[in-house]
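Undergrad: Going down the list, the sequences are from chains A and B.
Numbering of the first sequence is given in the working numbering, commencing with residue 2 and proceeding in unit increments.
Numbering of the second sequence is given in the working numbering, commencing with residue 3 and proceeding in unit increments.
One structure follows; several queries about it will come next.
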Amino acid sequence: MAGYEAEWRLWFPVLLDRKVELYEMGWSLKDGLRDCHVAAAPYGGPIAVLKESQRCSPSVRPQLDIYTASGMPVAAFPWKSGVVKQLGWTVGDDLLCVQEDGTVLVYDLFGSFKRHFSMGNELVQSHVLEAKVFHSPYGTGIALLSGTFRFILATNIEDLKLRRLPEVPGLQGAPSCWAVLSQDRQSKVLLAAGPDLYMLDTTACTPVVSDMAALLHVIVLSVCFLAKSSAASTDFVALGLTPQASSIVHMAVSFSYKYLAFFTDSGHVWMGSANLKDKLGEVETKMKTPPKQMAWCRRPKGQQPSVVVMWEKNLLVAGQCQETIQYPFVAACEEIFKIASMAPGALLLEANREYEKESQKADEYLREIKEQDLLGEAVKQCVEAAGYEHEPETQKMLLRAASFGKCFLSNFRPELFVHMCRDLRVLNAVRDYTVGIPLTLPQYPFMRRYVDPQKRVCKLYKQMTVQVLIDRLVHRKLYPLAFEICRYLKTPEYQGVSRVLKHWACCKVQQKEEADEVIARAISVKLGETAGISYSDIAAKAYECGRTELAIKLLEFEPRSGEQVPLLLKMKRSQLALSKAIESGDTDLVYTVVTYLKNEMNRGDFFMTLRNQPVALSLYRQFCKHQEPETLKDLFNQDDDHQELGNFYVRASYQEGATEEEIRLLRFQRRVEEEKGERVLGCSLHDTLHCLLTLGLHKQAEQLYKDFRVPDKRYWWLKLTALAEKEDWEELEKFAKSKKSPIGYLPFVEVCVKHLNKYEAKKYVSKVTPEQKVKAHLAVGDLEGAAEAAIERRSEGEVSLVLSRCSATTDRTVVDRLNRARAAAAKK
Amino acid sequence: MAAHLSYGRVNLNILREAARKDLREFLDKCAGSKAIVWDEYLTGPFGLIAQYSLLKEHEVEKMFTLKGGRLPAAEVKNIIFFVRPRLELMDIIAENVISEDKMRSPRDFHILFVPRRSLLCEQRLKERGVLGSFINVDEYILDLIPYDGDLLSMESEGAFRECYLENDQTSLYHTAKGLMTLQALYGTIPQIFGKGECARHVANMMLRMKREFAGCQTQVLPVFDTLLLLDRNVDLLTPLATQLTYEGLIDEIYGINNGYVKLPPEKFAQKKQGEGEKDLPTEPKKLQLNSAEELYAEIRDKNFNAVGAALSKKAKIISAAFEERHNAKTVGEIKQFVSQLPHMQAARTSLANHTSIAELIKDITSRQKIPPPLHPGLYLTLLHFSIIVVLCCISCVPPYVSASEAFFDNLTVEQEFMTGVDTDKVNTYIEDCIAQKDPLIKILRLVCMQSVCNNGLKQKVLDYYKREILQTYGYEHILTLNNLEKTGLLKLQTSTRNNYPTIRKTLKLWMEDANEQNPNDISYVYSGYAPLSVRLTQLLARPGWRSIEEVLKMLPGPHFEERQQLPAGLHKKRQQGENRTTLVFFLGGVTYAEIAALRFLSQMEDGGTEYVIATTKLINGTTWIKSLMDRLEEPPF
């Protein structure tokens with residue numbers, strides 16, 4: 002059995018490297034990838050291949066092939082459209098084909114045409130010289146270089162906004178190389194035209210290094226070192242390019258837009274930050290031919306980023322300080338697998354192997370680690386190393402060692418181990434040859450960058466990562482695997498299983514050969530009551546495919562009435578939409594449908610519809626009451642709602658019911674105004690009477706009292722208060738004697754007291770009925786009288802009432818009397 | 003600052019913090035200096051969530067009230083409109099925005115809909131051609147606002163009118179949404195009970211929403227065991243009655259708005275030694291009333307007749323505490339005394355305030371026994387504190403106070419109605435009051451009460467009252483009368499049988515021997531009348547509604563029970579003797595007296611249930627009737 006160390010070869014004295022063959026590619030390419038447009042989506046995404054030699058023989062149609070990362074053919078179809086300049090993948094696994102005439106065709110993963118859009122009409126004439134597809138936090142974008150050497154850019158093709166970048170002064174031919182940068186929430190183009198570098202954004206073209214002389218000047222100052230000094234004419238720090246270089250022939254931006262690399266005609270590779278402020282390093286390659294490809298790779302475990310440069314037969318990896326030819330490697334693995342390594346991880350691995358052999362050496366190794374107090378570290382190393390391994394067998398071996406070591410630790414946090422096992426299990430599943438997504442562990446959490454920007458609200462990135470992965474599987478129609486992963490990771494249904502099922506259902510509704518009934522049933526059976534399923538999304542998809550009936554059937558399963566409404570309106574099922582809106586309880590939604598109906602229907606039908614929906618009707622009434630009072634009238638007429646119609650007219654200052662009376666009152670008031678010059682118009686009957694009485698117009702008051710059949714009681718009250726207000730005590734007394742008061746005489750007492758005339762008040766006390774005597778006496782402040790009345794009436798309550806008004810000091814006699822009476826009553 | 007919210011059975015501060023977080027996030031979305039243009043109606047409710055200081059921290063420099071025409075000048079980058087989704091407000095905003103653009107350099111406009119954005123309003127803005135001017139059109143979901151440690155309110159004034167008069171169920175939708183938010187924070191409520199049409203509707207919406215949100219439930223251990231939804235129209239009687247608790251009376255007499263009360267300033271004049279009564283303040287005294295104030299929390303729910311005693315007891319305690327300083331001999335003791343000073347001083351201010359308020363109320367209600375006078379010795383220690391003056395005032399009897407007479411007469415009639423005395427005849431007291439043109443709302447309260455206690459009025463009686471009211475107060479009030487009839491507050495007796503006595507007897511709504519000082523039943527809050535709504539709540543907890551099926555059938559609307567499945571593993575294991583927690587939601591408003599009654603039930607030793615109260619709005623008879631009145635903007639001509 003070949004030991005795992007044997008895989009490793011010593012390249013440099015200190016550096017180890019290892020080649021891992023991920024897949025034996027399943028494709029059968031006749032001529033290799035020569036003269037082909039190739040586009041591979043990041044994070045182990047699919048690969049698209051298109052033969053380039055179209056122009057030679059227009060009769061021969063090239064073939065467009067789509068493969069998984071493992072080379073499994075996914076789709077293939079003959080290319081029938083125009084000349085393709087560039088292929089690229091979007092964040093949602095869609096294939097973009099940029100044509101020479103500026104048209105971009107969008108295909109899905111399975112090669113079916115989705116849509117197309119144009120990058121500008123001018124391109125039909127001037128043609129696309131070069132194109133680049135790029136990804137930023139804002140989605141997938143496209144940048145083009147036109148035949149007139151102008152750049153056209155769209156940051157997000159889902160929300161297409163074309164930006165024509167400013168002209169580059171003096172640019173006569175195509176730039177030698179260019180790249181798209183995403184900086185300060187803006188997409189910019191960096192281009193090199195011979196010796197000059199320019200930065201283009203939507204507003205301006207800024208020269209980076211204006212000419213070679215300035216560059217050289219700076220270079221002399223900085224002497225090829227990490228120098229920072231500003232060139233006289235610009236804000237930019239000198240790049241520190243080697244003086245041999247006269248132009249930049251190739252450039253590469255890192256995936257994160259953090260780093261930038263140039264390849265110069267002198268064969269130097271310059272590496273620095275994308276804002277051109279820092280230089281990371283420079284390497285001389287001794288290669289004079291421009292490379293075929295140049296790309297950034299970032300080694301895991303925080304080592305410096307490096308540039309991979311590829312020529313026809315050479316591959317070079319350039320790091321910050323040394324020139325090496327190597328593949329990315331991992332610190333943890335190195336520690337353990339280094340021959341005769343003494344790292345704690347390696348010792349633990351050895352210990353476990355001995356343990357499995359049932360050898361006592363296991364104990365020795367273990368002791369050695371424990372003596373250095375490094376067991377925790379050893380376990381950690383083993384777990385981490387497992388993460389960087391591709392072979393499940395090796396992973397298992399390392400994890401077994403970790404698990405073994407863990408047994409001797411009391412307080413080792415289990416999360417690291419558990420998470421690693423779980424993540425590896427998922428990664429191994431998707432790395433499988435048939436799935437073909439060769440994700441590495443460090444890439445896994447980074448995938449969130451690849452998320453649809455609209456979904457970025459979710460802050461739990463771990464879940465997000467899983468979501469992206471699930472999305473990718475779903476795009477590949479690998480529903481069962483996606484489903485299993487969700488279940489295994491216990492992803493909340495809403496984010497996991499439900500989404501998978503939804504995609505499955507959306508795919509299902511596109512199966513044209515099956516009947517609506519069958520599909521609807523199949524979907525409802527499978528999805529059932531699974532939480533968080535949006536049936537309306539599925540229905541929308543069905544409607545999009547022209548299956549309205551199916552859409553309506555599916556909508557029936559949607560629990561969220563609110564979601565059903567917009568689609569139903571779109572499908573012109575407005576009545577249904579109205580009842581669903583009402584069901585949702587969301588009145589705003591009801592209003593929305595009602596306004597829609599109002600514009601769609603003629604008035605009669607509209608009113609009839611509302612009539613069958615009381616909730617909508619009352620809402621519409623409220624709306625009209627504030628917004629369109631005239632419509633309200635029509636509405637009431639239509640409904641024969643006389644009561645409301647009456648109210649309406651009241652509101653419209655015309656009255657019904659009580660109106661006749663009011664009109665009479667108004668006439669009377671007008672007459673009074675004319676005759677006596679008193680303002681009474683608009684007063685209530687009561688106020689009019691009061692006014693008349695205070696003015697002493699007793700005759701008119703009397704007339705009004707009779708005409709309007711004002712109850713005696715109220716009239717007496719009115720007259721009483723009016724006279725008291727006037728302090729016309731004489732008239733009051735006359736009035737009191739005119740006939741027997743229907744309100745009794747206590748009010749007389751009280752009103753007089755209210756107007757601070759106790760003298761007058763006392764006149765009426767004797768007339769008050771026995772039941773109210775106590776009150777009357779109290780009102781005029783006659784405690785003795787009150788006491789007498791209370792005792793006479795033998796009322797316990799009244800006695801205490803009087804008592805409560807007595808003060809212990811001043812009214813001693815009264816108090817004593819009352820107490821005596823009380824005691825006497827108690828005895829009986 | 004809002005610590006009192008976290009002391010209750012349920013920590014309601016979580017809800018407040020969530021609301022504050024949302025607010026901060028929105029404000030930060032609009033980078034730079036800002037001015038807020040307020041829908042006036044919202045400032046009160048927002049005050050319960052965030053003070054001006056929070057807004058200031060987020061660069062809010064100016065605040066205006068929303069009104070037509072041009073916006074006042076402000077050197078800010080952003081103008082944010084905080085509005086309810088109302089069409090008429092959209093027109094004003096459009097006017098603001100259009101005239102703004104003409105004047106100065108353009109600024110960023112934002113709009114924040116409270117509590118929910120509305121397609122209708124956005125459509126209106128679009129029609130006015132200003133929708134495009136807004137950078138952000140957002141919503142601030144503010145349904146249930148924490149009002150006190152055990153109280154949530156939506157502060158939605160018009161809820162009762164909308165639901166029961168206009169058949170507009172928007173506020174019920176917000177209620178359901180609010181309850182969903184609550185459940186997201188405090189866990190699913192396993193049991194839902196309800197009584198009334200609106201309650202049914204809310205429960206239905208909640209269950210539907212639960213299905214809609216299925217799958218994204220939060221895994222929170224349920225805090226509430228039961229939710230009880232009660233329609234206000236199940237118990238129309240209670241709010242009509244005059245509340246007799248301390249807090250209830252403050253509300254009845256002065257009105258508590260968004261937790262604040264404005265009081266006549268005279269009694270709060272600072273009387274310092276050596277100074278005469280030079281300047282009496284003229285601005286009303288504004289006080290915040292909530293459980294953050296220890297004394298207030300203690301006395302708010304007492305029957306007013308027990309407040310005097312409680313206040314003098316407190317005065318004794320405080321003076322005893324101040325007396326301690328003579329006993330403090332060592333430096334350590336003095337230090338300790340000094341450290342307690344701020345607390346003691348706050349307690350003293352609080353006592354002074356409430357003594358003043360109690361005195362104010364006493365002037366209006368007094369007819370009853372006076373609190374025992376303080377021991378003369380105490381006066382000395384409290385000397386130079388205004389309290390003494392005030393306490394003295396309480397203990398002296400006004401010779402003749404007509405206000406108190408009116409209050410007492412009113413109360414007598416109310417109690418007659420509630421006990422079923424002569425409810426089928428025209429009441430002379432009401433007649434007299436109309437004849438004297440007492441405030442219309444007072445008349446309407448009484449007439450409605452009579453109608454409710456008689457299960458409707460006879461045609462003759464009803465017509466008489468109506469005629470009296472129209473003739474006295476003006477014919478325009480026919481609209482108000484119609485509204486009262488539509489909501490069932492005023493109605494024609496259709497069947498000859500009056501079922502109110504049956505309800506009263508079965509539910510024991512009237513307790514003859516209500517103990518105001520040391521209550522043993524909820525009836526103390528109305529000095530005899532036990533609020534129907536709270537009785538229903540009490541009976542639900544024990545022995546259950548099955549025992550009163552017959553009465554429930556007499557009350558309007560269906561009664562129901564629903565159960566919500568809890569996610570596995572979240573079933574609460576109750577400890578021995580641990581109380582259940584019930585959330586009682588009053589749809590259409592609740593009075594302070596009802597809250598007091600529920601608090602009383604929570605505190606009962608063998609109660610077994612603690613209550614948290616939620617409502618659309620805190621109401622009393624006056625504000626309630628007012629919300630149902632239709633005012634014509636102008637007299638007919």
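Ideal Cβ positions, reconstructed from N, Cα and C, are used throughout, including at glycine.
From a predicted model like this one, the values you see are computed outputs, not experimental measurements.
Beta strand (DSSP E) containing tyrosine 544 (chain A): first to last residue?
TA: Unbroken run through tyrosine 544 (chain A) is the alpha helix (DSSP H), 536 to 545; no beta strand (DSSP E).
Undergrad: Considering Cα atoms alone, identify which of A:Pro481, A:Ala552 and A:Phe484 is closest to alanine 516 (chain A).
TA: Among A:Pro481, A:Ala552 and A:Phe484, the Cα nearest to that of alanine 516 (chain A) is on A:Ala552.
Undergrad: Measuring only between beta-carbons, confirm whether asparagine 169 (chain B) sits less than 7 Å from chain A.
TA: Yes, asparagine 169 (chain B) counts as interfacial toward chain A.
Undergrad: Start and end of the alpha helix (DSSP H) containing tryptophan 90 (chain A)?
TA: Where tryptophan 90 (chain A) is concerned, there is no enclosing alpha helix (DSSP H), although the beta strand (DSSP E) it sits in stretches over 85 to 90.
Undergrad: Going straight from the alpha carbon of glutamine 185 (chain B) to that of aspartate 587 (chain A), what length do you get?
TA: Approximately 19 Å between the Cα atoms of the pair.
Undergrad: Given that histidine 627 (chain A) touches chain B, what residues does it touch there, using C-beta distances under 9 Å?
TA: Correct list: Arg88, Leu89 and Glu90.
Undergrad: Does the Cβ-Cβ distance between phenylalanine 668 (chain B) and serine 135 (chain B) come in under 7 Å?
TA: In the structure as shown, chain B starts at 3 and stops at 639, and residue 668 (chain B) therefore has no counterpart that could be examined.
Undergrad: Taking its Cβ as the centre, do 16 or more other Cβ atoms sit within 10 Å of glutamate 551 (chain B), making it buried, or is it exposed?
TA: It is exposed - the Cβ of glutamate 551 (chain B) has fewer than 16 other Cβ atoms within 10 Å.
Undergrad: Would you call serine 654 (chain A) buried or exposed, if buried means 16 or more other Cβ atoms sit within 10 Å of its Cβ?
TA: Bear in mind that the predicted position of serine 654 (chain A) carries a pLDDT of just 48, short of 50, making it unreliable; the figure below should be weighed with that in mind. Classification for serine 654 (chain A): exposed.
Undergrad: Let me confirm a value: proline 630 (chain A) is counted as buried when at least 16 other C-beta atoms fall within 10 Å, else exposed. Which label applies?
TA: The residue in question, proline 630 (chain A), is exposed, as its Cβ has fewer than 16 Cβ neighbours within 10 Å.
Undergrad: Which residues in the same chain as methionine 182 (chain B) place their Cβ atom closer than 6 Å to its Cβ, once the five residues preceding and following it in sequence are excluded?
TA: So the qualifying residues of the chain are Met211.
Undergrad: Could you name the residues of the same chain whose beta carbon sits closer than 7 Å to that of glutamate 123 (chain A), not counting the 5 residues immediately before and after it, in chain order?
TA: Taken in chain order, the residues that qualify are Ser147.
Undergrad: In three-state terms, what does DSSP make of tyrosine 43 (chain B)?
TA: Three-state result, tyrosine 43 (chain B): helix.
Undergrad: Counting only C-beta atoms, is arginine 823 (chain A) closer than 7 Å to chain B at any point?
TA: Answer no: the Cβ-Cβ gap between arginine 823 (chain A) and chain B never drops below 7 Å.
Undergrad: Tell me the DSSP secondary structure of arginine 671 (chain A) in three-state form.
TA: Three-state result, arginine 671 (chain A): helix.
Undergrad: Exposed or buried, what is proline 545 (chain B) when buried is set at 16 or more other beta-carbons lying within 10 Å of its beta-carbon?
TA: Exposed, since its Cβ has fewer than 16 Cβ neighbours within 10 Å.
Undergrad: Given leucine 568 (chain A), which residues of its chain have a CB within under 8 Å of its CB, disregarding the five upstream and five downstream residues?
TA: Contacts found: Ser537, Ala540, Ala541, Tyr544, Ala552 and Leu556.
Undergrad: Which residues, taken in chain order from the stretch 684 to 706 of chain A, show a beta carbon closer than 7 Å to some beta carbon of chain B?
TA: Taking 7 Å as the Cβ-Cβ cut-off against chain B, the residues of the stretch 684 to 706 of chain A that qualify are Ser685, Leu686 and His687.
Undergrad: Spell out a yes or no on whether the stretch 316 to 325 of chain B and the stretch 349 to 361 of chain B are touching, meaning 3 or more CB-CB pairs, one atom from each, closer than 8 Å.
TA: The stretch 316 to 325 of chain B, when compared against the stretch 349 to 361 of chain B, does touch it at the 8 Å Cβ threshold.
Undergrad: Residues of chain A with a CB under 7 Å from the CB of leucine 608 (chain B): which are they?
TA: According to the sequence displayed, residue 608 (chain B) carries aspartate and not leucine. Chain A residues near aspartate 608 (chain B): none, gap ~35 Å exceeds 7 Å.
Undergrad: With DSSP as the reference, please indicate the residues paired to asparagine 80 (chain B) in a beta bridge.
TA: Its beta-bridge partners are B:Lys36 and B:Asp110.
Undergrad: Shortest alpha-carbon distance to alanine 824 (chain A) belongs to which of A:Ser801, A:Ser808, A:Glu661 and A:Pro439?
TA: Here the closest residue by C-alpha is A:Ser801.
Undergrad: Can you pull the chain B neighbours of glutamine 623 (chain A), defined as C-beta to C-beta under 7 Å?
TA: Going along chain B in sequence order, the residues near glutamine 623 (chain A) (Cβ under 7 Å) are Glu168 and Asp170.
Undergrad: Is any beta-carbon of chain B found at less than 7 Å from that of lysine 162 (chain A)?
TA: For lysine 162 (chain A), the answer is no, since every Cβ of chain B falls outside 7 Å of its Cβ.
Undergrad: Could you check where the beta strand (DSSP E) with serine 739 (chain A) kicks off and where it finishes?
TA: Premise fails: serine 739 (chain A) lies in the alpha helix (DSSP H), 730 to 739, not in any beta strand (DSSP E).
Undergrad: By a C-beta neighbour count over all protein chains shown, 10 Å radius and 16 as the cutoff for buried, is arginine 813 (chain A) buried or exposed?
TA: The residue is exposed, with fewer than 16 neighbouring Cβ atoms inside 10 Å.
Undergrad: By Cβ distance, which residues of its chain are closer than 6 Å to alanine 349 (chain B), with the 5 residues on each side in sequence left out?
TA: Closer than 6 Å at the Cβ level, and outside the excluded window around alanine 349 (chain B), lie Ile320.
Undergrad: Do you know how far the Cα of asparagine 456 (chain B) is from the Cα of glutamate 418 (chain B)?
TA: Taking the straight line joining both Cα atoms gives about 12 Å.
Undergrad: Please list the partners that aspartate 589 (chain A) has in chain B, where partner means a Cβ-to-Cβ separation under 9 Å.
TA: The answer, in chain order, is Pro87, Arg118, Arg119, Ser120, Leu121, Leu122, Cys123, Thr172 and Tyr175.
Undergrad: Which whole-angstrom value is the C-beta distance of arginine 537 (chain B) and leucine 511 (chain B), which I expect to be below 8 Å?
TA: At roughly 7 Å, the Cβ-Cβ gap stays under 8 Å, so arginine 537 (chain B) and leucine 511 (chain B) are in contact.
Undergrad: For proline 373 (chain B), does the count of other Cβ atoms within 10 angstroms reach 16, so buried, or fall short, so exposed?
TA: In this prediction, proline 373 (chain B) has a pLDDT of 37, which is less than 50 and means its spatial position is unreliable; what the coordinates show is noted afterwards. Under this definition proline 373 (chain B) is a buried residue.
Undergrad: In chain order, which alpha helix (DSSP H) runs of at least 4 residues are fully inside the stretch 660 to 721 of chain A?
TA: Segments of the alpha helix (DSSP H) lying fully in the stretch 660 to 721 of chain A: 660 to 677, 686 to 695 and 699 to 708.
Undergrad: Determine, using beta carbons only, whether tyrosine 139 (chain A) comes closer than 7 Å to chain B.
TA: No, tyrosine 139 (chain A) lies away from the interface with chain B (no Cβ there is under 7 Å from its Cβ).
Undergrad: Could you name the residues of the stretch 175 to 196 of chain B whose beta carbon sits closer than 7 Å to any beta carbon of chain A, in the order they occur along the chain?
TA: From the stretch 175 to 196 of chain B, only Tyr175 and Ala178 have a Cβ closer than 7 Å to chain A.
Undergrad: Which whole-angstrom value is the C-beta distance of asparagine 276 (chain A) and glutamine 184 (chain A), which I expect to be below 8 Å?
TA: Correct: roughly 7 Å between the Cβ atoms.
Undergrad: Which word fits valine 752 (chain A), buried or exposed, when buried means at least 16 other C-beta atoms lie within 10 angstroms of its C-beta?
TA: Flag for valine 752 (chain A) reads buried.
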